[in-house]
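Trainee: Chains A, B and C, in that order, give the protein sequences. Residue numbering for the first sequence follows my numbering, beginning at 1 and increasing consecutively. Residue numbering for the second sequence follows my numbering, beginning at 317 and increasing consecutively. Residue numbering for the third sequence follows my numbering, beginning at 538 and increasing consecutively. Positions of the beta carbon are idealized from the N, C-alpha and C atoms, including for glycine. One structure is given below, represented as structure tokens, and several questions about it will come after.
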Amino acid sequence: MKFLPLLMEIMQLLLLLAAAPLFAGWVKMVKCWSQGRTSPSLLQPYRDIAKLFSKDVVLAENASWIFRFTPYIVFGATLLAGGIIPILSVDLPLSATADVIALVALFAIARFFTALAGMDIGTAFGGMGSSREMMIASLAEPAMLMAVFTMSLASKSTSLSHIAQAILQSDIHMALRPSLAFAFLAFVMIAIAETGRIPVDNPATHLELTMIHEAMILEYSGRHLALIEWAGMMKLFLYMSLGAAAFFPWGIAGAGNMAAIPLALIYLIIKFALAGVVLVLIETGLAKMRFFRVTEFLGAAFLLATLGMLAHFILE
Amino acid sequence: MDIHTTAQIINFLAAMVLLTAFGMLVQRRIYGLIHLFAWQGLFLSVSTAIVGYAAGRHHLYISSVLTLALKVILLPYILNALIHKLKIRKEIETVVNVPLTMLIGIALVIFSYSLTAPVREMSTLVTRSILAIALATVMIGLLMMITRRHAVTQIIGFLAMENGLFFAATSATYGMPLVVELGVAIDVLIAAFIFGIFFFHINTTFDSLDVEQMARLKEGE
Amino acid sequence: MIFSPLDLASLSVLLFLLQVLLAPLFRKNERAMVNICFSLAAAASLLAVAAGIWTVENGTTEKAILVLGLPDLPFHLRLDALSGFFLTTIGLLAFYVSVYSIGYVRGFIGQRPVMRLVIFYSFFIAGMFMVVLADDALFFLISWEFMAAASYFLVMYEDEKAENKRAAFLYLVIAHIGAVAILLSFGVMAGLATDFRDFSGYTFDAMRASQFPVEWATAAFFLSFFGFAAKAGIIPLHVWLPEAHPVAPSNISALMSGVMLKTAIYGIIRVTLDIIKVFPWWWGAVVLVFGLVSAVMGVLYALMQHDLKRLLAYHSVENIGIILIGIGLSMVFMSFQMPLIAALALTAGVYHTMNHAMFKGLLFMGAGAVLHATHERNMEEMGGLIHKMPWTAVLFLIGCVSISALPPFNGFVSEWLTFQAFLLSPSLPAPILKLLMPIGAAILALTGALAAACFVKAFGVTFLGRWRGHHKPKIQEVNWPMRIGMMMAAATCLLLGILPTLFIGWMDTIPVQLVGSTISASAGTYGWLWLTPVASERASYSGITVFLGILAVVAAVYILLHVKPGAIRRGHVWDCGFEKLTERMQYNATSFSMPIRRIFGYLFNIKEQVDLAQQSAHSAFPKRLNYYLRVRDRAWGWLYKPIAEASFWLSRKVGMLQQGRIQTYLIYSFITIILLLVFVI
């Protein structure tokens, strides 16, 4: 295995681990600003995770090995996904491990085990969270696949590195394609549903009956909760970088181009800062939907993705 | 701007027109419907202007300004006033549920694409791919009239159909002769006034604008 | 090789048939009978597996003519790559289930005559082997009937309950309707092979050699598709599956669901791609549409179930649909002369056949273990089994993860290959197909996600949480033969998931023989580690890297965190301040699938009713609540009831011929004689 790409891979993983809580802190900060509140420090998520790692673990009497094993699996699957998406450079040795479809399946593993952990304790809250989460995931899958299909039509590939490279190497006309615009809108809606943000799910709620994702992890504590929280922040970061790699890849270093890495880092910071602001605008501007209205939300995402696919064949 | 970029921009605007048509199909709130209709008119007028620039037909500029004045400014204003006067509730019920309506809309787009395939082969215009979108917009307008219960949405569906026809004319033959366009514009305006008068009468008679109520007009049984 | 693979396969069939002589010898000692007969069955299955592996590896075709059969119409045997593949699949699962049965059938000793089970089990597997070896219409149909009859007796094994007899009868009726359709189809093709002159067209070789006119070929195709669809359980001919599979003993359910349905897939591939060979594109589209409908409706029906085995039976409908999607895509691409993509789609469909046999067998064996330990089939009465049955729980979990198409297990690989075939559909020349294929891909994605939801429900309600039933029996882990059978199936699932290039390389003689191209060259370009079906720029997947990667991160994190481990305490669950939490307050199967039932409910016939028995004090504090839910398959009302009523009406009309008086019957004979004399002489 060549040395330089391996170094690149390790750098990217370390960046992911370090930057995900920072991004979560930035989103919190902008949200507080937009709502006229004083925000916690940008580094607060780090302190939260460190605090959780040092605490004891309290397990429910009924918890089995699945409950104890799930945080590790979730963390592992998310970190592996982080090794596949091109964040700073397209030249990653692990990028051939999975294309976009397999990437979605990696997140599905994490979700599967989290849902099982939710059912493990034997209370109604966990079952409710699992049931709702699996339903939302089922409806988001067709929309996600259609968006992936539309992405792959333009670049004739489903491998993320190649999609990014295809857009980087083409002329400006590639970016103006309506199919990609529709696919991007659909992707934003799906990302909101998958990462559990408003208007699908409120990550900051403490009312159990309104929870979807939080209800599944209600019983976790100590280092288990730290791993799950960290993995949740990484998932949000990764969905953002997935969108950036597939739709706005300018700035990502090309193959073998080590000198462009610092520039890529600057582009990354700018893109994520903007993405955080857009996310906060969406979260503050919309209200959380009733649970059965999520069907229409995801149906609209599917519709947009299908329109993108149709627009490719009709107009391009 | 070279021809390739112009074609790209026109295609993009066509996609936006289709998107607003779908948006109107699934929108629940009346004011949202009128806003979407205004946006559709805006995209339509900008694309007409660009087609005029690309094809060198200057009468299309006048068409574009006409569309802007009529469909983006005047008609939404009239509809807003109508709704305000009639004190209509903000939400509209549908006959079929929303996801099913979306799927039917997608089927209509596929259908119109396969229908206009032979025209696409033969045409040499820069706007040849837009005919399918225009036809789809007409059919989605008709679908909107079928799947909604409220009378005001029926008129908006009718206007959306007219948008689609106008778009079809722009793309197939670079617009209609100016006389025809002026005539159509005045017809649409008058139709809006007549609809308004009818709605007042219907509201007075039935105390509601739900078209299901008009089934009571049937004789017998 | 001293023995040719066909010799090995024939030996295997003979050993199975000999069980009918062997089993009665041990009538007095049922335990010895179980041990010896099932061990012999396992050994015979291994012979077939060896024969199959060797044949597919080398792509050879062997033929033989038996002295049995009608005069002038002997039986023909043929072992080519496709037959070899199905021999391997059937034999492998039969091996695992035979080992499992040694432990499972012990539970029937003393309650029911075991000899019947042993004999019909052997006949069933022998029948399946004979079906895939048959090379003429006569032997094929005889083997088909033999297999169906043996499975009927197996389904009827616990025949003291009326519902079991009804389920078996339904199974028999639909199997025979299908068999008649297959017979007619073979009749058409055999007649056309010789222009309806003599009987020599009944061999498959004669059918292969002849060119069929398009209308007759279409008739033959649709008749055989209908017949095989009845056996495979494709919607709307699926109604016997959820009735027959749950009532059979679990080892039989594993075989029926895992490999008997695959013989129908074998039939479809054999007739369409091997015998008819040239067909218009819309046949492939029909197969694809039936596959998509079966996949989605199968998983939705499964989500409504709370009986564990019925849930698994409906999932078989879904997975057969997924296999048909692969085959339909392959047919479409073949009809447009695109053999490379057709090979990809065919590989995906055939791979899924093997995968489904493995994980469905594993799941049914697990369900049998649960049934064996708790005597309970209803998930809503179970819960918390993971504490008492740890081995079964882990193995069942592997089955659940595999069927939900999650990497690094095998279900994901075949679904991924199917998606790649869909993604290549833009290269089709027909525009309407180009637009509709992506919607098919989206439906497949929906199916996969719903399957994952269903198995979270199945595993979660059965094994996790606390016991939901009213009284808790004494539960203990099942015996070793059952565990070993399941472990072998689980290991196969993992291996098929992380070494796909080796499997595709082994299997590549099948697409070469059927569509004329193979993907193993491009699939394995980068070595055994990476699966790159068409080109590496297009898409690539590495199962073993996913497996090792997750394992490495999990191990690293675990070690890092346990350098100085924090304490773990046990405490009460979070009850929101409400102290009286009971086990009945957990989510069970019905509540878990409520959102999906709400959204997709219009596809079923659902009746939901809530009755509140009031307490006298205030309506906000009801004394008791009755919840009634009934979910019925619409196919009964729309398809079967009208057909049944029509056939009863017809029978009543024809029954008017039976007057009961002798004179009337004599008049019938008299009229017939006069007509014969007039027209014949």
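#1: Consult DSSP for C:Asn1142 and reduce its assignment to one of helix, strand or coil.
#2: Which ranges does the alpha helix (DSSP H) cover as unbroken runs of at least 4 residues, wholly within the region 621-703 of chain C, from first to last along the chain?
#3: Does chain C have any CB closer than 8 Å to the CB of B:Ser430?
#4: Any C-beta of chain B sitting closer than 8 Å to the C-beta of A:Pro178?
#5: Can you list the residues of chain C that A:Ala162 reaches, using a CB-CB cut of under 7 Å?
#6: Can you pull the DSSP bridge partners for A:Val58?
#7: Which word fits C:Ala1058, buried or exposed, when buried means at least 16 other C-beta atoms lie within 10 angstroms of its C-beta?
#8: Hey, is A:Phe297's beta-carbon within less than 8 Å of any beta-carbon in chain B?
#9: Mind listing, in chain order, the continuous alpha helix (DSSP H) runs of no fewer than 4 residues lying wholly within the region 374-420 of chain B?
#10: Would B:Ile296 and B:Ile350 be called neighbours here (beta carbons separated by less than 8 Å)?
#11: B:Val362 lies in the alpha helix (DSSP H); which residues open and close that run?
#12: Specify the secondary structure class of B:Glu537 as computed by DSSP and reduced to three states.
#13: Measure from the alpha carbon of C:Pro773 to the alpha carbon of each residue in C:Leu1036, C:Glu855 and C:Leu551, then state which is nearest.
#14: Consider the Cβ of B:Ala397: report whether some Cβ of chain C lies at a distance smaller than 8 Å.
#15: Cβ closer than 7 Å: which chain E residues qualify as neighbours of B:Ala331?
#16: Would you say B:Ile456 faces chain C, with C-beta separation under 8 Å as the test?
#17: Identify, in the order they occur along the chain, each residue of the same chain with its Cβ nearer than 8 Å to the Cβ of C:Pro876, setting aside the five sequence neighbours on each side.
#18: Taking 8 Å as the threshold (C-beta atoms), are A:Ala115 and A:Met146 in contact?
#19: Please report the residue range of the alpha helix (DSSP H) in which C:Arg564 lies.
#20: Could you name the residues that DSSP lists as bridge partners for C:Asn915?
#21: In terms of DSSP beta bridges, what is C:Gly606 paired with?
#22: Near C:Tyr1124, what residues of its chain come up, given a Cβ to Cβ distance below 6 Å and the 5 sequence neighbours on each side ignored?
#23: So, helix, strand or coil for C:His852, using DSSP?
#24: Between A:Leu15, A:Arg111, A:Ser131 and A:Thr78, which lies nearest to A:Thr210 when the distance is taken from Cα to Cα?
#25: Looking at chain B, which residues of the region 960-987 of chain C have a Cβ within less than 9 Å of any of its Cβ atoms?
#26: Thinking just about the alpha-carbon of each residue, which of C:Tyr851, C:Gly795, C:Leu778 and C:Gly865 is nearest to the one in C:Trp819?
#27: Taking the continuous beta strand (DSSP E) assigned at C:Asn1163, which residues delimit it?
#28: My output table needs one value for A:Ala253: the three-state DSSP class, helix, strand or coil.
#29: For B:Val500, which option in B:Thr364, B:Leu382 and B:Met460 has the closest C-alpha, if you only look at C-alpha atoms?
#30: Does the Cβ-Cβ distance between A:Met8 and A:Asp91 come in under 8 Å?
#31: Run the CB neighbour count on C:Gln527, radius 10 Å, all protein chains shown included, and call it buried at 16 or more, exposed below.
#32: Kindly indicate the opening and closing residues of the alpha helix (DSSP H) around C:Leu1036.
#33: Which residue spans inside the region 1050-1134 of chain C form an unbroken alpha helix (DSSP H) run of at least 4?
#34: Would you please verify whether the beta carbon of A:Ile66 is less than 8 Å from any beta carbon of chain B?
#35: Can you find a CB in chain B that lies within less than 8 Å of the CB of A:Thr306?
#36: Could you name the residues of chain A that C:Trp1186 contacts, counting a contact when the two beta carbons are closer than 8 Å?
Mentor: With the given structure in hand:
#1: strand
#2: For secondary structure counted as the alpha helix (DSSP H) over 4 or more consecutive residues, the region 621-703 of chain C holds these complete runs in sequence order: 651-670 and 674-692.
#3: Cβ-Cβ to chain C under 8 Å: yes for B:Ser430.
#4: yes
#5: Here the sequence assigns His to residue 162 of chain A, which means Ala is not the residue at that position. Contact note: A:His162 reaches chain C through Glu1074, using a C-beta cutoff of 7 Å and chain order.
#6: According to DSSP, which records beta bridges pairwise, A:Val58 is partnered with C:Arg1106.
#7: It is exposed - the Cβ of C:Ala1058 has fewer than 16 other Cβ atoms within 10 Å.
#8: no
#9: 375-383 and 391-402
#10: Absent from the structure is residue 296 of chain B, since the part of chain B shown begins at 317 and ends at 537.
#11: Ile346 to Ala371
#12: For B:Glu537, the predicted structure reports a pLDDT of 47, less than 50, and the residue's modelled location is therefore unreliable. A value from the coordinates is still provided. Coil, per DSSP.
#13: C:Glu855
#14: no
#15: Among the chains of the structure shown, chain E does not appear; the protein chains present are A, B and C.
#16: no
#17: Phe870, Val1052, Gly1053 and Ser1054
#18: Contact: no.
#19: No alpha helix (DSSP H) holds C:Arg564; DSSP gives it neither H nor E.
#20: C:Asp844
#21: Partner(s): C:Pro611.
#22: none
#23: helix
#24: A:Ser131
#25: Cβ contacts with chain B come from Pro968, Ile969, Leu972, Leu973 and Ile976.
#26: C:Gly865
#27: Arg1161 to Arg1169
#28: When DSSP states are grouped into helix, strand and coil, A:Ala253 belongs to the strand group.
#29: B:Leu382
#30: yes
#31: Any property of residue 527 of chain C remains undetermined from this structure, which presents chain C solely from 538 to 1218.
#32: Segment: none, C:Leu1036 is in no alpha helix (DSSP H) and carries neither H nor E.
#33: 1057-1060, 1080-1098 and 1126-1129
#34: By this cut-off, A:Ile66 is not an interface position.
#35: Chain B contact via Cβ: present.
#36: Result: empty, since nearest Cβ-Cβ is about 43 Å, beyond 8 Å.
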